[in-house]
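Some notes on the structure that comes next.
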Amino acid sequence: MQLAQVRIEDKYAPALNFPTLASLVSSFLPNILLIAGVIFFILVFIAGFAVVSSGNSGDPQGAERAKSFLTYSVIGLILIFASYWILQIINYVSFNSMKGLF
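Residue numbers for the sequence shown follow my numbering, so the first one is 141 and each next one is one higher.
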């Protein structure tokens with residue numbers, strides 16, 4: 141009787157595709173950007189609804205809050221995409237310059 145005679149490398153091969161932490165993080169980044177885009181779309185929809193509803197009720201403070209909500213949503217999306225490109229630049233500079241060292 142043989143129990144647990146399965147090679148884990150054969151069973152879970154995707155773990156072998158990430159030799160460094162940078163390659164692991166780089167594999168998650170497109171999914172994170174997709175989720176951020178969906179969240180941004182939802183936030184823009186909520187902010188637009190708040191602007192329209194505060195405009196109909198004549199509430200200037202509500203309109204300002206909705207505009208700032210939209211502004212912060214755009215700033216957040218810009219920060220997420222900027223962090224993606226900064227990580228890509230760091231990955232390119234650091235790992236392409238160290239190819240001959242190891």
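Ideal Cβ positions, reconstructed from N, Cα and C, are used throughout, including at glycine.
- Contact between V191 and A176 is ruled out by a C-beta separation of about 22 angstroms, above the 8 angstroms threshold.
- In terms of CA proximity to L173, L217 leads the group F185, L183 and L217.
- For N196 and S213, the gap between their C-alpha atoms comes out near 23 angstroms.
- Here A187 is buried. Its C-beta has 16 or more other C-beta atoms within 10 Å.
- In terms of Cβ geometry, P200 and S193 do not form a close pair [threshold 9 angstroms].
- DSSP, reduced to helix, strand and coil, places G198 outside both helices and strands of the structure shown, so it counts as coil.
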